[in-house]
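*Asks:* Numbering-wise (this note's numbering), the sequence shown opens with residue 136 and increments by one. Each residue gets a CB set at the ideal place from its N, CA and C atoms; glycine is no exception.
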Amino acid sequence: MTSPPAGLFLRPAPADPGLVRLRTALGRALATVPGARFASLFLDAPAAIAAPAVAALRAQLNGGGWLVPDVEVTWHGPTASPAALRALGVTRRSLPGPPSLRGARPVMKLAIELSQADLRHPPDDAWMRRMLAAGVVHLGLSGSGLPAASVALLDRLLRAHGFCRYETLHWARPGHEARWLLDARQGRAIMGLGPGAYGRWPDAVGWRWWRSSGAAAWCRAVDRGGDGRGRLHRLTAEERAQERLIDGLRLAEGIMPAAIEAETGLLRSAWLDEDALARLRASGRLHDLDGRLIAADPSDADALALDLLR
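#1: From which residue to which residue does the beta strand (DSSP E) around Ala246 run?
#2: Give every residue of the same chain whose Cβ lies closer than 7 Å to the Cβ of Gly153, excluding the five residues on either side of it in the sequence, and list them in chain order.
#3: Which residues bound the alpha helix (DSSP H) around Pro392?
#4: Given this structure, state the Cα-to-Cα distance separating Gly270 from Gly232, to the nearest angstrom.
#5: Note down the Cα distance separating Arg100 from Thr167, rounded to an integer number of angstroms.
#6: Please specify which runs of the alpha helix (DSSP H), each continuous and at least 4 residues long, are wholly inside the stretch 322 to 389, giving them in chain order.
#7: Where Ile247 and Ala268 are concerned, what is the direct C-alpha to C-alpha distance, given to the nearest angstrom?
#8: With three or more C-beta pairs closer than 8 Å as the rule, is the stretch 349 to 358 touching the stretch 317 to 326?
#9: What beta strand (DSSP E) runs, 3 residues minimum, are completely inside the stretch 143 to 221?
#10: Quick check on the DSSP output: the beta strand (DSSP E) that includes Trp406 runs from which residue to which?
#11: For Leu245 and Val272, which I take to be in contact (beta-carbon distance under 8 Å), what is that distance rounded to the nearest angstrom?
#12: When the distance is taken between beta carbons, is Gly334 closer than 9 Å to Gly383?
#13: Which residues mark the beginning and the end of the alpha helix (DSSP H) in which Ser285 is found?
#14: Report yes if the C-beta distance between Arg385 and Arg445 is below 9 Å; otherwise report no.
#15: So Ala440 is in the alpha helix (DSSP H); what residue range does that whole segment cover?
#16: Relative to the C-alpha of Leu165, which residue among Gly199, Ala174, Pro147 and Ile184 is closest?
#17: Report all residues from its chain with a CB closer than 8 Å to the CB of Leu288; omit the five preceding and five following residues, and keep chain order.
#18: Looking at Trp353: is its Cβ nearer than 9 Å to the Cβ of Gly331?
#19: Note down, in chain order, each residue of its chain lying with its Cβ closer than 6 Å to the Cβ of Arg264, except the 5 sequence neighbours on either side.
#20: DSSP three-state call for Asp260: helix, strand or coil?
#21: Would you mind working out which of Gly310, His311 and Ala372 sits nearest Val340, comparing C-alpha positions?
#22: What number of angstroms, rounded off, separates the C-alpha of Phe173 from the C-alpha of Arg375?
#23: Could you compute how far the alpha carbon of Asp437 sits from the alpha carbon of Ala430?
#24: What does Val271 pair with, by DSSP beta-bridge criteria?
#25: Who pairs with Glu447 in a beta bridge, going by DSSP?
#26: Where Gln195 and Arg158 are concerned, what is the direct C-alpha to C-alpha distance, given to the nearest angstrom?
#27: Along the beta strand (DSSP E) that carries Arg427, what are the first and last residues, could you check?
Okay, structure coming up:
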């Protein structure tokens, strides 16, 4: 059992357009965690899914009482019918790339995810105004090796238009931060189901994590009576502390080592390099505000975590 809020991440298989396997896997997985409730639902849907299929998924979740009343429901994908969005009760529309500027103004606020290819032409004030006119309230970057100059340029542009950088590669208008991302970075439980889905969940003796197999193997596993999560790996207390440090430093709010100590039962000396911490504080790369460690430059968060880990 886990205390809310937890996050629910679902990724349908291309061979499961009716979401029959996904709903079967969901039922099997949730039967193992009675009492769990989800504050965020993220559906990663790269292909079109018909409204009746998502209506059945929402009915299953409602019937089990799995969702909190103000659940954040995100549909991430390039295609979705208005009927499908309504059937799932979507509150956030997320696009892999800039929105099309043709047609009517969107009926809900948009989150967009940009890749390095999308930054080939440096965004400017005119581009930003077009994004705002399309309803964009949240922007994230994906991929590795993003040019630092491009990220810095985008950061300045977004801040000038009222966005806040609340995670290393995510910006939002105040009040539009992604709850699903905060769930992940703040170390909350995540039930990830579907091909390639990642998850982590607490039990009586600690935490387990998993990453499901690819689409074909995942479908076979569900057809054979499983939930597709595969082997659940045990996280040691030290691994859990390290995960919390890495994820937490990516947030503008930073981390509280004392809270990680209380959560894992490990003294900070077991996972935090105090000598490195002193050097980073003295250099100004890391701020210590009443026991909370915050990266001075959000782009530096991952490098700071590597320096701090024992």
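*Replies:* The answer reads as follows:
#1: Per DSSP, the unbroken beta strand (DSSP E) holding Ala246 starts and ends at Leu245 to Leu249.
#2: Excluding its 5 nearest sequence neighbours in each direction, Gly153 has C-beta neighbours in its own chain below 7 Å: Ala188, listed in chain order.
#3: Element bounds for Pro392: Pro392 to Thr399.
#4: For Gly270 and Gly232, the distance between alpha carbons rounds to 14 Å.
#5: An answer regarding residue 100 cannot be provided, because it is not within the stretch 136 to 445 covered by the chain.
#6: The qualifying runs are 350 to 358 and 372 to 384.
#7: Annotation: Ile247 to Ala268 spans about 13 Å, alpha carbon to alpha carbon.
#8: Too few Cβ pairs lie closer than 8 Å, so no.
#9: Inside the stretch 143 to 221, DSSP marks whole beta strand (DSSP E) runs of 3 or more residues at positions 173 to 179 and 202 to 211, from first to last along the chain.
#10: Looking at the DSSP string, Trp406 is not in any beta strand (DSSP E), and its letter there is neither H nor E.
#11: About 7 Å; that satisfies the 8 Å criterion.
#12: Contact flag unset, no.
#13: Its alpha helix (DSSP H) spans residues Ala283 to Ala295.
#14: Cβ distance not < 9 Å, so Arg385 and Arg445 don't count as in contact.
#15: Element bounds for Ala440: Ala436 to Leu443.
#16: Nearest option by C-alpha distance: Gly199.
#17: So the list reads Pro257 and Pro258, once near-sequence residues are dropped.
#18: Inclusion of Trp353 and Gly331 in the CB contact set at 9 Å is warranted, their separation being smaller than that value.
#19: Non-local beta-carbon contacts of Arg264 in its own chain, meaning distances under 6 Å to residues more than five positions away in sequence, are absent.
#20: Asp260: helix per DSSP, three-state reduction.
#21: For Val340, the nearest C-alpha among the options comes from Ala372.
#22: Rounded to the nearest angstrom, the gap between the Cα atoms of Phe173 and Arg375 is 21 Å.
#23: Using only the alpha carbons, I get a separation of about 10 Å.
#24: Val271 pairs with Leu245.
#25: This structure cannot speak to residue 447, because the chain is shown only from 136 to 445.
#26: One Cα belongs to Gln195, the other to Arg158, and the distance between them is close to 8 Å.
#27: Note, Arg427: beta strand (DSSP E), Arg427 to Ala430.
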